[in-house]
Each structure stands twice: as C-alpha cells, then as structure tokens.
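Student: Numbering (the working numbering), first residue to last: 127 to 510.
What follows is a single structure, and I will ask about it in a moment.
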Ligand code: IPM
Ligand code: MG
C-alpha cells in the first residue's frame, strides 16, 4: 500500500467515525419497559455449549415469569443462526436475518459465540459479540464482581462501542514492515458511559467512582476521557472521583489491603476487557461472572466465558456449568424491572453455588448436568 492509498483508507475511517459521533448525539432516551404492552426476550444460543446452557437459563426465567408469560406481558423468542458455521459461510459477523430478529426483541440473553482469530481456519470475520454491541449500540458493559467474605463489591462500567474495538478490524499494513491499528473516542460516547457509572453509583448509594486509563501515554483519547470524567464528576458532589492508570490498577486489584476500597470503575473498552477478566478470576473465574451490555434502546446479557467447543466435540455439553449465563439472566430480569424475581434468582444462585452446593457440575459425567443445576436452582427458589 502506498501513501495515497493509506490516505484514502484513513479518510474512510475518519468519515465513519464522524457519522458514528453524530448518531450518538441523536440517539433517543432509554427504553421504558414499564410502558410496553409486551416485553420480548430473545434467547440466542450461539456456539458450542451456548445453546445447551442458555436453554437452562430460559427455563428458569420462564419459571420465574410464569404469570407474565401467561398474561402475554412477556414473550420468549429463541433465535437460531448466530453460529460460527453460518457466519463463516455468509462472511458476516451477524447474518442479516438474525440481526433483524434481534432488533425485534427488547432484551436479549446470549450464549457465547466463537471469535475467529488468525490461523484457526475461519475467515477473518468480526467477532459476533463486538458486532452486536455496535449494531445495537450497547455502549455500557456492566460487570459486577462480588466476594462478600473478602469485602469486595465492585462494578465495572466498561465502554463497549469505542476505543480500540471500534476500529479493531480497520487497521492496515503499509507494505512489508509498517502496520497500523487505531483507537477512537467521541465526546458523546465518553459522556454516556461516565454518566451511566455515576448514575449507578448514585442509585446504589456508592461513594466512589474510579476512572481507569493510560492518559499519561495515550494522551488524546484517554486524556479526553479523563478530562470529561472529572467534569461530569462535579455534577455528583456526594461521590468521590479518582483515577488510576491501568497498569497500577491491575496491581492494586491484587493488593488485599487496598482492593476493598474500590467500588465503581469506569474504563475505556480495551482496559475494561482486560481488567474485568482479572477481577472475575478472584470470584472464581470468568465462568462465574455475568455481563450486561446496555444501550438506550436495546440491552443484551451474556456469560463472559467462551463456547468450549471441545466439550461439544467430546459430547460433554450437557455437563457444562450454566451458572454464568443464569447470572446474566438475573441481570436481564432486574434490568427490565422484575427486581423481585432477580433477587430471588441471585439468592438461589448464591445458595446453590456457594453455601449449600448440594450438586455442581465438573464438566464431566461425574458431575451434575446443566439441567440438574437448573432444577436445583428452581427447587431452591420454591423453598424461599
Ligand atoms: C469479552 C470478550 C470479548 C471482548 C471477545 C469474545 C470479543 O473477551 O466480552 O470480554 O473482547 O470484548
Ligand atoms: Mg474479555
């Protein structure tokens, strides 16, 4: 690629980001689920163990929302076709008809989807996760980590549509030995994630919000993020605002004397990706965490773990641990206003996975099946 071609490529990138910034400015307000006659909950199995674990999460939601399903206030819609085979065949991050079906739902529960990477034999299509976050403009990735016995109660607000992810598949190589990738932030995109974090803190009585950047080095984008953070913080006088660089934050999360002090963290996309895996590990691994992807119009809830193709190949998918996607289901219920049902489910999950733990999965036939775990959770709810 010569300099002229590079200029054209870069111009395309700039134009697309100007359009995106404009779209953010013109977006509507958050959906009011109370005002809807019917809430449509989409269930997307995804790849590998996804269909089998999301089916269990759906069973539990249907159990908790029995009356609402019967009265027509809630409808479940299973959406097939978000599989790596179809995406590879159509060279699409999300097949068109699947995207249309997704847009027909108000909220979505999603199983893991395989992300192609260099050398795995799949074409270089964008991650379905990343595409869904972009297509549905799910800008806030909310990831709670809680370890009550250690005094840890963290909530991460990861920006979900900007940063290195917005242009992660738009890099280019100039020829033999010079390669570029780009990162981008917009004021609108930064504003809405930072506000979401402070609003959450205010609603939940949290007293501290911490920004995590590398603004000493990545001066333009992270620098702007940090500047806006402190501007917006002024509107929340009762809440302490501070910031850490991502390297030292990574270290502080393992500092057992200091880490309990963090409450709400707000981070650009890539740092959020990395730090939330670290944080989830303290709680028992990424398999134990749920994740909410929230936009103004749509919201999607997912497990953080991968699709475990080997379990399916070996016929072990019925033994997969469904708890992470069930946690995600509880976040979904809370998000659409069914807080009592969500609380019950959270309590039952704590009993079944931490305190009582009568049965559990091992990933193999010597452990429980996903369906047995779901039964156990529902029986526990019934006893409450
Ligand atoms: C996550 C995952 C995704 C990401 C991958 C699967 C694209 O790691 O949800 O954190 O990088 O955002
Ligand atoms: Mg990740």
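Cβ atoms here follow ideal geometry from the backbone N, Cα and C, with glycine treated the same way.
(1) If you follow the beta strand (DSSP E) that residue 391 is part of, which residue opens it and which one closes it?
(2) Taking all protein chains shown into account, decide if residue 428 is buried (16 or more other Cβ within 10 angstroms of its Cβ) or exposed.
(3) Identify every residue that forms a DSSP beta bridge with residue 235.
(4) Taking contact to mean at least 3 C-beta pairs separated by less than 8 Å, is the stretch 236-248 in contact with the stretch 350-365?
(5) Tell me, please, which residues DSSP counts as bridged to residue 416.
(6) Excluding five sequence neighbours on each side, which residues of the same chain lie with their C-beta closer than 7 Å to the C-beta of residue 252?
(7) Could you check which residue in 328, 312, 394 and 298 has the C-alpha nearest to that of residue 341?
(8) On a Cα-Cα basis, can you pick out the residue from 204, 314 and 308 that is closest to residue 146?
(9) Which residue marks the beginning of the beta strand (DSSP E) containing residue 267, and which one marks its end?
(10) For residue 164 and residue 309, what's the separation of their Cα atoms in angstroms?
(11) Using the Cα positions of residue 223 and residue 265, report the straight-line distance between them to the nearest angstrom.
(12) Here's the rule: buried if 16 or more other CB atoms are within 10 angstroms of the residue's CB, otherwise exposed. What is residue 353?
(13) Rounded to whole angstroms, what's the CA-CA distance from residue 303 to residue 292? Just pull it up for me.
(14) So for residue 279, helix, strand or coil by DSSP?
(15) Does the Cβ of residue 303 lie closer than 7 Å to at least one heavy atom of the ligand MG?
Tutor: According to the structure shown:
(1) Along the chain shown, one-based indexing puts residue 391 at 265. Note, residue 391: beta strand (DSSP E), 390-393.
(2) Position 302 of the chain shown, counted from the first residue, corresponds to residue 428. Label assigned to residue 428: buried.
(3) Along the chain shown, one-based indexing puts residue 235 at 109. Residue 235 pairs with 169 and 427.
(4) no
(5) By one-based count along the chain shown, residue 416 stands at place 290. BP columns for residue 416 point to 429.
(6) Taking the first residue of the chain shown as 1, we reach residue 252 at position 126. Cβ neighbours of residue 252 beyond the five flanking positions: 219 and 295.
(7) To locate residue 341, count along the chain shown from 1; it is residue 215. Minimum Cα distance to residue 341 is reached at 394.
(8) Taking the first residue of the chain shown as position 1, residue 146 is located at position 20. Distance check between residue 146 and each of 204, 314 and 308 places 314 closest, using alpha-carbon atoms only.
(9) Here residue 267 refers to the residue found at position 141 of the chain shown. Looking at the DSSP string, the run of the beta strand (DSSP E) that includes residue 267 is 266-273.
(10) Along the chain shown, one-based indexing puts residue 164 at 38. Along the chain shown, one-based indexing puts residue 309 at 183. Approximately 39 Å between the Cα atoms of the pair.
(11) The residue labelled residue 223 in the question sits at position 97 within the chain shown. The residue labelled residue 265 in the question sits at position 139 within the chain shown. Their Cα atoms are separated by approximately 23 Å.
(12) The sequence position of residue 353 within the chain shown is 227, counting from 1. With fewer than 16 other Cβ atoms within 10 Å, it is exposed.
(13) Locating residue 303 in the chain shown gives position 177, where the first residue counts as 1. Locating residue 292 in the chain shown gives position 166, where the first residue counts as 1. One C-alpha to the other measures close to 24 Å.
(14) As a first step, residue 279 is located in the chain shown; it is residue number 153 there, counting from the start. For residue 279, the three-state secondary structure derived from DSSP is strand.
(15) The sequence position of residue 303 within the chain shown is 177, counting from 1. Checking every heavy atom of the ligand MG against the Cβ of residue 303, none is found closer than 7 Å.
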